[in-house]
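Student:
Shown next as structure tokens:
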């Protein structure tokens, strides 16, 4: 952000995380792991949205993260960093596990945070 751009309210980043999480689910709906990996379009779009979830999470203040420890903030940010910086070493099994095992619960927790915090 430039010096002239006002800081963005952290609540908007929660909205972003919800939207990106919904996209991950939409892009992978009805696919099995093999189909997902074989589809460059869905694979790339999904990875991009996993990155964006992590990027948005970096903008959530520490006190808010501490207030909602059920959301794995550090793991979300670490996943973003791995996808971006270690793109040649991405483990498709781990990505698929995140999509199928973590994303549905993350969406619920983000929606709960939004509802609880009155966002």
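Numbering (the numbering used here), first residue to last: 7 to 125. Think of the CB as a built atom: it goes at the ideal place given N, C-alpha and C, for glycine as much as any other residue.
Using three-state DSSP, classify residue 37 as helix, strand or coil.
Tutor: coil
Student: When you compare the CB positions of residue 27 and residue 82, do they come within less than 8 Å of one another, or not?
Tutor: Residue 27 places its beta carbon 8 Å or farther from that of residue 82.
Student: Could you give the distance in angstroms between the alpha-carbon of residue 92 and the alpha-carbon of residue 85?
Tutor: 10 Å
Student: Going by beta carbon distance, what residues of the same chain come within less than 7 Å of residue 73, once the five residues before and after it are set aside?
Tutor: Shown here for residue 73: not one same chain residue has a beta carbon closer than 7 Å to its own, the five before and five after excluded.
Student: Would residue 79 and residue 88 be called neighbours here (beta carbons separated by less than 8 Å)?
Tutor: no
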